[in-house]
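Structure first, then comments.
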Amino acid sequence: MGLIHILFFKFGASAPSDIVADICQRLVSLQEKCVSPNTGKPYIKSFKGGKDNSPEGKQGGFTHAFVCEFENDADRYYYLNRDPAHLAFVDSLSTAPPGLIEDLKVLDFAPGIF
Numbered sequence: 195m196g197l198i199h200i201l202f203f204k205f206g207a208s209a210p211s212d213i214v215a216d217i218c219q220r221l222v223s224l225q226e227k228c229v230s231p232n233t234g235k236p237y238i239k240s241f242k243g244g245k246d247n248s249p250e251g252k253q254g255g256f257t258h259a260f261v262c263e264f265e266n267d268a269d270r271y272y273y274l275n276r277d278p279a280h281l282a283f284v285d286s287l288s289t290a291p292p293g294l295i296e297d298l299k300v301l302d303f304a305p306g307i308f
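What follows is the structure, given as structure tokens:
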């Protein structure tokens, strides 16, 4: 069935575009860098993202969105709590200069479960 993990970033208006692009590229590259401890192979089914371009004006200031798909809850749990590549990425964000990332929201769901 799979699980969808969505991240919404609100980068500050004065955030340098090259630093924002680097963060975004490093995040999406986790699809290849996150490997299963059991198989040694990547376990993220897909990872896509980009800069907001919605004309609706309902973004609430969020500037970028990313959608990550996992096969199951065990893979998501490993990603969130144990995967060294993901944890290193999260740690790198904790040292970001003030104002670079103003807000971050996460929403997960299982397709078709309402």
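Per our numbering, residue 195 is the first one in the sequence shown, and the count goes up by one each step.
Even for Gly, the Cβ is constructed at its ideal location relative to N, Cα and C.
Per the coordinates, the alpha-carbon of Lys227 lies some 6 Å from the alpha-carbon of Ala279. Distance from the Cα of Thr233 is smallest, within the candidate group Pro292, Asn275, Ser286, Asp269, for Asp269.
Around the Cβ of Ala209, a 10 Å sphere holds 16 or more other Cβ atoms; the residue is buried. Ala282 and Val229 have their alpha carbons spaced roughly 14 Å apart. DSSP places Cys228 outside both helix and strand once states are collapsed to three, so it counts as coil.
A residue is called buried once 16 or more other Cβ atoms fall within 10 Å of its Cβ, and Ile295 is buried on that count.
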